[in-house]
Amino acid sequence: MTDFVTGFRARPRSDRTLTYLPDGRPPVEMTHAELDRRARSVAVWLAGTGLADRPVLLLYPAGLDFLTAFLGCLYAGAVAVPAPLPLGAASRSDRVDRLVKDSGARLVLTPRAHVEALAGFGAVAFDDSADPEAYRPVEVDPSAVAYLQYTSGSTGQPRGVEVTHAALTHNLKVLAAISGDTPPRRIAGWLPHHHDMGLVGLLLQALDAEADLVLLSPEAFVARPIRWLRAISDHRADWTVAPDFGYSWTTRRVGDAELEGLDLSCLAVAVSGAEPIRIATLDAFVERFGPVGFRRTALNPGYGLAESTLVVTCTTRGRGPTVRTFTPESLAAGEVVPHPDGVPLVGCGEPAEMAVRVVDALTGRDVPDGTIGEILVSGPSLAAGYHGDPDATATTFITGADGRWLRTGDLGMLHEGQLYVTGRLKDLIIVRGRNLYPHDVEATAREAHAEAGSGAAFGLQDASGEHVVLVQEMRRATQGDPAEFADTVLDAVTREFGVPVSIVVVRSNAVQRTTSGKVRRRHMRELFLGAALPVLHTVLTPAVAAHLQEATR
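Numbering (this note's numbering), first residue to last: 10 to 562.
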């Protein structure tokens with residue numbers, strides 16, 4: 010087996026606990042040793058099914074049952090396939106069907122409470138009465154696939170990333186290096202277990218580091234983000250992880266009265282990743298929660314993706330964010346010029362365990378430091394490829410004289426030793442030779458009006474060039490004038506970027522995100538072209554109006 014599985018099974022501690030905090034119910038707890046015993050029982054049961062060498066689809070709600078099933082698969086040598094529990098008919102018929110077909114799973118595991126609802130997929134609950142002492146370790150090649158991590162689908166259809174046992178083991182070492190000589194003692198978080206940051210950054214890291222884990226559901230966090238902070242404060246967690254969205258949502262939704270009795274001085278590492286990280290988000294979080302003990306030095310911006318298991322780079326413990334400012338004109342041109350009053354970018358750490366290059370996306374040639382290009386990554390954490398998709402694997406995982414490299418599809422640069430991420434190559438909007446990053450447009454729109462919620466900016470291409478469209482949520486739409494709202498947002502965006510922009514004002518929660526909080530811009534583009542958005546008001550340029558008319562004809 011691998012260092013992670015063998016190591017954890019050899020030293021499961023009875024003094025380290027895993028705690029799940031269900032909404033409105035008593036906490037659920039088990040020790041690392043109890044988890045190991047249950048996982049061995051699952052492995053014995055799996056071996057008896059004769060399907061232990063096939064992918065196993067895991068459909069579980071947030072909680073500790075998923076971790077038991079996941080480890081049981083690894084113990085048995087099966088390929089685990091974490092997936093979100095389907096909550097409605099549409100998701101059952103769409104995502105689950107597609108995952109079963111794509112992964113080749115012939116076994117679907119779910120808790121007993123959900124077996125009946127998922128009977129159409131042949132879902133079963135594992136038999137926990139199997140004798141864990143009957144378990145016999147299975148020898149697995151480190152290069153064998155441990156699990157399929159399906160990507161979030163923010164820029165297209167999700168793909169099954171083949172994460173090997175060796176890649177998982179190495180990436181857990183990368184995570185451990187972030188803490189230096191002080192490993193985490195108690196980790197708290199809310200990210201979903203079917204997302205790479207939740208699975209590796211929370212669940213598996215806690216096991217590998219022999220740390221306590223305190224877990225709550227994503228739904229509980231979104232409904233009341235104070236629950237995340239309470240879990241950290243009450244359980245004295247020293248490590249947490251969340252995307253930029255999580256920090257922003259918490260800052261906006263936690264009221265003054267909820268700060269009573271909160272103490273975040275225990276938190277030493279707060280990793281932020283999954284999207285281009287906005288210093289405005291981090292500054293606002295520090296300002297809001299500094300009075301209750303949160304320290305700016307606890308912030309650890311990082312960069313990673315499922316194709317590299319999770320982490321590529323991350324700021325080391327205690328260092329805090331590195332911020333540099335550049336002229337907006339140079340960022341648009343792709344060759345940065347520092348300026349004290351320029352646009353701030355947040356560093357994501359220095360390449361160490363994983364190698365990083367920045368290349369011209371068209372030629373593949375390395376670009377000088379300070380030049381924006383496509384980020385390439387190499388190292389032992391790289392996945393084997395995309396399951397059942399050799400063409401995509403060959404296109405994304407390229408091999409040359411200097412080894413195997415991952416084309417991330419992300420744009421960024423190396424500057425003063427730090428990696429700075431500026432956006433997605435597929436999301437980039439080029440207007441009259443100028444590079445516009447959707448998240449910059451969205452941030453400007455969000456700050457333009459007190460009722461502005463989430464936004465999704467994307468480009469539409471025609472013979473005359475590319476045109477910017479912004480789908481923008483308006484909170485409390487029934488109490489305001491959508492036309493006036495649109496004018497205010499458009500004025501701010503066009504003044505900031507100097508290009509024509511079309512706006513579609515929609516109600517709250519209309520802008521869709523992935524499980525990690527990334528805006529699904531390509532999906533929002535499809536909804537716009539399909540006239541499937543809950544529109545309150547639109548202001549379209551002639552070119553965009555003609556494009557929409559042609560698309561809906």
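Even glycine gets a Cβ: it sits at the ideal position worked out from N, Cα and C. Please read these numbers as outputs of a predicted model, since none were measured by experiment.
Proximity below 8 Å, CB of residue i to CB of residue j
| i | j | result |
| --- | --- | --- |
| TYR156 | VAL133 | no |
| LEU118 | LEU60 | no |
| VAL365 | MET422 | no |
| HIS424 | ARG333 | yes |
| LEU181 | PHE13 | yes |
| GLU219 | ARG22 | yes |
| LEU80 | LEU222 | no |
| ARG104 | PRO95 | yes |
| PRO310 | THR324 | yes |
| GLU475 | GLY464 | no |
| PRO543 | ALA519 | yes |
| TYR144 | ALA92 | no |
| GLY129 | PRO64 | no |
| HIS556 | ASP436 | no |
| GLN521 | VAL498 | no |
| ALA341 | ARG433 | no |
| ARG326 | VAL278 | yes |
| VAL386 | ILE288 | no |
| PHE494 | HIS458 | yes |
| SER281 | TYR312 | no |
| ALA85 | ALA52 | yes |
| LEU479 | ALA452 | no |
| GLY343 | THR380 | yes |
| THR77 | ARG121 | no |
| ARG49 | TYR395 | no |
| ALA89 | SER390 | no |
| PRO509 | HIS546 | no |
| ILE438 | VAL477 | yes |
Paired residues, beta bridge with residue i - DSSP
| i | result |
| --- | --- |
| TYR29 | VAL37 and LEU224 |
| TYR395 | VAL170 |
| ALA560 | ALA560 is not bridged to any residue. |
| ASP471 | GLY474 |
| CYS323 | GLY311 |
| TRP248 | ILE196 and VAL278 |
| PRO91 | LEU67 |
| TYR156 | ALA89 and VAL172 |
| ASP378 | DSSP output for ASP378 lists no bridge partner at all. |
| GLN481 | GLY464 and VAL514 |
| GLY547 | Note on residue identity: the sequence assigns Thr, not Gly, to residue 547. THR547 is bridged to VAL513. |
| PRO347 | PHE335 |
| GLY409 | GLY412 |
| SER387 | ALA364 |
| VAL440 | ARG443 |
| ARG522 | VAL528 |
Residue interval of the alpha helix (DSSP H) (run including residue i)
| i | result |
| --- | --- |
| VAL498 | 491 to 506 |
| HIS532 | 530 to 538 |
| ALA128 | ALA128 -> no alpha helix (DSSP H), and no H or E assigned at all. |
| ILE235 | 235 to 244 |
| ALA19 | 12 to 19 |
| LEU108 | 106 to 112 |
| LEU216 | 214 to 217 |
Unbroken beta strand (DSSP E) run spanning residue i, endpoints
| i | result |
| --- | --- |
| ASN444 | 443 to 445 |
| THR417 | 412 to 424 |
| GLY432 | 427 to 433 |
| ARG335 | In the sequence as presented, Arg is not what sits at residue 335; that position holds Phe. Per DSSP, PHE335 belongs to the beta strand (DSSP E) from 332 to 335. |
| ARG366 | 364 to 368 |
| VAL117 | 116 to 118 |
| LEU542 | No beta strand (DSSP E) holds LEU542; DSSP gives it neither H nor E. |
| VAL563 | What the structure shows of the chain is the stretch from 10 to 562, and residue 563 is not part of that stretch, so it cannot be assessed. |
Quick one: any contact between the region 260 to 267 and the region 291 to 301, if contact means 3 or more CB pairs under 8 Å?
yes
Does the pairing of the region 64 to 72 with the region 27 to 38 give three or more beta-carbon distances under 8 Å?
Yes: the two stretches touch, three or more of their Cβ pairs being nearer than 8 Å.
Do the region 502 to 517 and the region 222 to 240 meet, that is, are 3 or more Cβ pairs less than 8 Å apart?
no
Alpha helix (DSSP H) segments (min. 4 residues) lying fully within the region 258 to 315
Segments of the alpha helix (DSSP H) lying fully in the region 258 to 315: 288 to 298.
Check whether the region 198 to 211 and the region 311 to 324 touch, using three or more Cβ-Cβ pairs below 8 Å as the test.
Yes, the region 198 to 211 is in contact with the region 311 to 324.
Between the region 187 to 201 and the region 241 to 250, are three or more C-beta pairs nearer than 8 Å?
yes
Can you find at least 3 beta carbon pairs, one from the region 404 to 416 and one from the region 181 to 193, that sit closer than 8 Å?
Counting Cβ pairs under 8 Å, fewer than three are found: no touch.
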